[in-house]
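For the sequence shown, UniProt numbering assigns the number 1 to the initial residue and increments by one for each residue that follows.
Okay, so here's the structure we're looking at.
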Amino acid sequence: MAKAIYRIYRPSTFKEVSGQEHVVRTLQNQYASETLAHAYLFTGPRGVGKTTTARLIAKLVNCESVKENEPCNHCSSCESIASGQALDVYEIDAASHTGVENVRETVIDSVRFAPNSLKKKVYIIDEVHMLSTSAFNALLKTLEEPPEHAMFVLATTEIHKVPETIISRCQRFDFKRIATSELVARMQGIVKAEGIQVDEDVLKEIARHSGGCARDSESLLGQVLALGEKEINMEQASLVLPVTQTLLVEAFARALHARQAGEGITQLNTYLEQGVDLRHFVSDVISWLRDRLLDAVAGNEGDFDVAFLQQAIEELLQAERAIRGENIPQLPVELAIVKICGVQEKPNIDPPKDFKKQGVVSSRVEEEAPKPVEPFIEARVIESAGNVEVLEEIEAVDNVFDSVPVISLEEVMKKWPQVYEQIKSCNASLPMMMKTCEVSGVEGEYVELGFEYDLYVQTVNQEKNSRLIEGVFEQVLGKRMRVRAIQTKKAEQDEAVQGLIQEFGGSLV
1 MAKAIYRIYR PSTFKEVSGQ EHVVRTLQNQ YASETLAHAY LFTGPRGVGK TTTARLIAKL
61 VNCESVKENE PCNHCSSCES IASGQALDVY EIDAASHTGV ENVRETVIDS VRFAPNSLKK
121 KVYIIDEVHM LSTSAFNALL KTLEEPPEHA MFVLATTEIH KVPETIISRC QRFDFKRIAT
181 SELVARMQGI VKAEGIQVDE DVLKEIARHS GGCARDSESL LGQVLALGEK EINMEQASLV
241 LPVTQTLLVE AFARALHARQ AGEGITQLNT YLEQGVDLRH FVSDVISWLR DRLLDAVAGN
301 EGDFDVAFLQ QAIEELLQAE RAIRGENIPQ LPVELAIVKI CGVQEKPNID PPKDFKKQGV
361 VSSRVEEEAP KPVEPFIEAR VIESAGNVEV LEEIEAVDNV FDSVPVISLE EVMKKWPQVY
421 EQIKSCNASL PMMMKTCEVS GVEGEYVELG FEYDLYVQTV NQEKNSRLIE GVFEQVLGKR
481 MRVRAIQTKK AEQDEAVQGL IQEFGGSLV
């Protein structure tokens with residue numbers, strides 16, 4: 001069983017608190033000058049030392065032998081507080097005690113009485129933003145004029161939910177995320193105390209996964225140490241750490257930079273099949289690209305230009321926010337890949353009304369070759385010295401570009417298996433529908449896709465799906481195409497039935 005490292009090695013002095021020097025120095029200076037406040041408000045991310053610092057304040061104001069503005073950790077007061085047995089130190093979890101009755105019973109009714117054994121009563125209210133409005137109102141008066149023997153330390157991760165009336169009656173300290181170097185240094189001290197050799201790259205990987213949270217880093221370290229080895233390298237640590245993805249991230253980013261949308265989507269889905277967490281992977285890619293962006297902005301030479309990095313980060317951030325609400329979680333990321341790789345949305349232009357079917361990808365129907373377009377000859381002339389001189393003749397075919405196929409039906413048919421495989425590799429639901437698809441025709445930049453069922457038509461014509469298919473077309477065919485799904489087989493069957501009815505003089509029952 002993994003040891004609760006974050007509890008065993010919880011800081012017992014202000015000196016041991018990592019990454020919050022601005023808070024520690026101010027509190028110690030206030031104690032030395034006897035100007036400690038009666039109420040403090042600690043705000044910041046979870047797991048960065050807010051509650052730990054609150055307990056250290058409780059020790060400091062009650063310690064019987066303070067040395068250099070630090071609690072001694074040996075007197076009866078320090079020991080009782082450290083063990084959680086001090087009756088005069090109240091730790092209240094506001095998340096589970098939100099009502100006004102709890103505040104009255106735990107705080108208001110008890111604060112007026114003198115401490116049982118310590119010098120001061122200290123009330124530590126964690127996640128204070130969870131208190132109800134009536135509970136805040138009840139606490140307000142006590143916070144404003146507490147007895148001399150009482151001190152309050154409020155902690156929250158969501159300062160915006162704390163009423164201004166409460167904030168104004170406290171001294172506020174903002175805790176920040178802990179730098180990777182400080183987390184690594186702290187973990188190095190822990191593994192040394194444990195008598196275990198852990199490679200520094202393992203500690204850096206743990207720190208990276210923790211996102212500046214000391215508690216998370218120490219929890220992960222506890223899992224690594226639970227392997228029971230005296231020397232732990234990255235290969236061993238990867239058994240319990242989230243999948244290490246540095247190489248995967250870089251390969252994926254380079255596919256995006258090379259504008260290889262198909263390759264990027266294939267890589268993404270391959271990683272997911274291998275057990276990589278989607279949200280974590282996207283977060284790692286964004287972090288990796290951000291590092292490259294900072295290098296580029298600083299003028300350091302690199303393989304990635306600022307414009308690409310900016311666009312990629314923006315698109316992936318948007319996709320990251322959309323992941324949770326999708327039935328196909330990777331779909332927002334797939335669409336982001338298509339956009340990053342330059343397959344942009346086309347103008348919303350309706351296909352030509354006189355859409356000509358040039359054949360169907362089926363053994364039953366032969367192709368019809370597109371009719372040749374007669375070019376319009378235009379003469380360019382100039383007037384010089386009173387004489388008109390013909391310079392050259394130019395074929396002006398702009399007026400017929402809209403009807404000339406960007407690509408032939410034959411080429412679409414030839415590449416169709418590749419198109420299908422690309423769609424199959426980057427989407428879970430479309431392949432079933434695309435397997436029944438027939439390419440009904442090509443007109444200009446449009447490819448018309450025929451389906452038997454109306455449901456398939458509606459699904460493929462949804463913007464997010466049509467854009468994905470168009471992106472695959474561009475990657476495989478090398479040309480920008482638009483797709484339009486229509487219902488074909490049913491219409492053909494209806495025409496055949498009507499023809500038989502007319503021929504035999506029957507009627508439809």
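Even glycine gets a Cβ: it sits at the ideal position worked out from N, Cα and C.
Just so we're clear, the structure is a prediction, and the values are computed from it rather than from any experiment.
Residues of its chain near residue i, where Cβ-Cβ distance is below 8 Å and the 5 sequence neighbours each way are ignored
i      : result
Cys213 : Pro45, Arg46, Gly47, Val48, Arg177, Ile178
Ile232 : Ile196, Gln197, Val198, Asp199, Val202, Val224, Leu225
Gln344 : Reliability of the predicted coordinates at Gln344 is poor, the pLDDT of 47 falling under 50, and the value obtained from them is presented with this limitation in mind. The answer is none, since no qualifying residue turns up.
Met481 : Val406, Ile407, Glu445, Tyr446, Val447, Glu470, Phe473, Glu474
Ala193 : Tyr9
Lys204 : Thr180, Val184
Glu144 : Arg169
Rounded distance between the beta-carbons of residue j and residue i, thought under 8 Å
i           : j      : result
Leu309      : Ala336 : Actually they are not in contact, since the Cβ atoms of Leu309 and Ala336 sit about 14 Å apart, beyond 8 Å.
residue 510 : Pro431 : The structure shown does not extend to residue 510, since the chain is modelled only from 1 to 509, so the question has no answer here.
Pro146      : Val111 : 7 Å
Val476      : Lys415 : 5 Å
Tyr420      : Met433 : That pair is no contact at about 11 Å.
Leu140      : Ile5   : With 8 Å as the limit, Leu140 and Ile5 do not qualify as a contact, their Cβ atoms being about 39 Å apart.
Contact set for residue i: own chain, Cβ-Cβ below 7 Å, skip 5 residues either direction
i           : result
Phe304      : His257, Arg292, Ala296
Ile340      : Leu256, Gln311, Ala312, Glu315
Val285      : Val249, Phe252, Ala253, Leu316
Ala94       : Ile125, Asp126, Glu127, Val128, Met130, Leu131
residue 544 : The shown model of the chain, from 1 to 509, leaves out residue 544, and the question about it has no answer.
Phe136      : Pro163, Ile166
Asn69       : Gln28, Tyr31, Ala32
Ala138      : Val100, Val103, Arg104, Ile108
Cys78       : Lys59, Cys63, Pro71, Cys72
Val17       : Pro11, Val24, Gly49, Thr52, Thr53
Ser425      : Ile265, Thr266, Asn269
For residue i: DSSP bridge partner residues
i      : result
Gln197 : Glu231
Gln171 : Tyr40
Ile92  : Ile125
Thr156 : Thr43
Phe451 : Gln487
Gly439 : Going by the sequence as given, residue 439 is Val instead of Gly. BP columns for Val439 point to Leu449.
Arg467 : Answer is none; Arg467 lacks a bridge partner.
Glu70  : Lys67
Arg482 : Tyr446
Ala150 : Lys121
For residue j and residue i, the rounded distance between their alpha carbons
i           : j      : result
Ile92       : Glu127 : 9 Å
Glu334      : Val276 : 16 Å
residue 518 : Thr180 : Lying before the first or after the last residue shown, residue 518 is absent from the chain, which here runs from 1 to 509.
Gly99       : Glu105 : 10 Å
Gly441      : Leu449 : 7 Å
Met187      : Gln260 : 40 Å
Val460      : Met234 : 45 Å
His160      : Gly299 : 38 Å
Gly19       : Phe175 : 8 Å
Gln462      : Ile328 : 15 Å
Val89       : Thr35  : 21 Å
Cys170      : Leu56  : 18 Å
Thr246      : Leu289 : 12 Å
residue 523 : His74  : In this structure the chain extends from 1 to 509, so residue 523 is not present and cannot be described.
Pro115      : Ser80  : 14 Å
Gly478      : His209 : 39 Å
Ser466      : Lys230 : 55 Å
Ser217      : Thr13  : 20 Å
Arg215      : Glu182 : 13 Å
Phe451      : Gln274 : 33 Å
Leu118      : Gly211 : 38 Å
Gly342      : Arg484 : 21 Å
Leu241      : Gly228 : 15 Å
Residue i CB to nearest heavy atom of the ligand COA below 7 Å
i      : result
Ser440 : In terms of ligand content, the structure shown is empty, and the ligand COA therefore cannot be addressed.
Close Cβ partners of residue i (< 6 Å) along its chain, the five nearest in sequence each way excluded
i           : result
Glu320      : Val282
Ser287      : none
Lys15       : none
residue 591 : In this structure the chain extends from 1 to 509, so residue 591 is not present and cannot be described.
Val61       : Lys120
Tyr456      : Met433
Val306      : Ala296
His97       : none
ask   = Is the region 313-327 touching the region 261-269, taking contact as three or more C-beta pairs under 8 Å?
value = no
message = Could you check whether the region 24-43 touches the region 154-165, counting it as contact only if at least three pairs of C-beta atoms, one from each stretch, sit closer than 8 Å?
response = yes
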